[in-house]
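So the sequence shown is residues 1 to 85, counted in UniProt numbering.
Just so it is clear, CB atoms sit at the ideal spot from N, CA and C, and this is done for glycine as well.
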Amino acid sequence: MASIDEALNLINANIEAVNDLQGQVEATKAQTEELLGQVQALGIEAASNALNVGKEQLEEGSAMAAALRSKLEEARSSVEVAKHA
């Protein structure tokens, strides 16, 4: 039978994993922005447009990770309340 502490440990591990993922997404976005600047300087419009779309998608992914982290933190709070009930 699972315990409340086990559930809290799993939620905390998931929060950490989401934080790591968001960091990786942000690093990829930074590299994409750097590449975008280089491609724009070369005047390659098609590649620039595609990279800009990719950058926007990475921004959306980062926002989704932030929303997921928030939901996990809410779940953790609920489980902690149950632990002390």
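Which runs of the beta strand (DSSP E) spanning at least 3 residues fall entirely within the region 45-83, listed in chain order? Qualifying beta strand (DSSP E) stretches: none in this window.
Classify residue 43 as helix, strand or coil using the three-state DSSP reduction. coil
How would you call residue 81, buried or exposed, if buried means at least 16 neighbouring beta carbons within 10 angstroms? exposed
So, under 8 Å CB-CB, residue 19 and residue 76 are touching, yes? Tell me the CB distance rounded to an integer number of Å. Between residue 76 and residue 19 the Cβ distance is about 13 Å, and since that is not below 8 Å, they are no contact.
Return the residue from the list 15, 13, 26, 6 that minimises the CA-CA distance to residue 63. Here the closest residue by C-alpha is 26.
Would residue 15 and residue 73 qualify as a contact pair, given that the criterion is a beta-carbon distance under 9 Å? yes
Own chain partners of residue 79 with C-beta closer than 7 Å, once the 5 adjacent residues on each side are dropped: 4, 7, 8, 11
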